[in-house]
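Just so it is clear: in the sequence shown, position 33 is 281 by my numbering, and no numbers are missing.
Every residue gets a Cβ at the ideal spot worked out from N, C-alpha and C, and that includes glycine.
Encoded as structure tokens, the structure appears first; notes follow it.
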Amino acid sequence: MSEHTHRHNKEGPCHFSLMSLSAVKRLLFVAVPLLALWVLVVWAGGWLG
Numbered sequence: 249m250s251e252h253t254h255r256h257n258k259e260g261p262c263h264f265s266l267m268s269l270s271a272v273k274r275l276l277f278v279a280v281p282l283l284a285l286w287v288l289v290v291w292a293g294g295w296l297g
């Protein structure tokens with residue numbers, strides 16, 4: 249697969265599925281802050297013991 253077929257995409261490598269990569273990135277972008285917030289709330293609430 250040559251890179252000029254993906255010239256419209258300015259970010260990331262072009263040698264594997266960009267769609268699945270962006271889906272994973274989007275999932276992490278949402279999940280990581282939520283998980284961090286949840287951990288912070290649990291820790292602040294003293295529910296971990």
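Using a Cβ-Cβ cutoff of less than 7 Å, which residues in the same chain neighbour residue i once the five nearest sequence positions on both sides are dropped?
i      : result
Trp291 : none
Lys273 : none
Could you tell me the alpha carbon to alpha carbon distance between residue i and residue j, rounded to whole angstroms?
i      : j      : result
Val287 : Val280 : 11 Å
Lys275 : Leu285 : Looking at the sequence shown, residue 275 is not Lys but Leu. The straight-line gap from Cα to Cα measures roughly 16 Å.
Trp295 : Val278 : 24 Å
Ala271 : Gly293 : 33 Å
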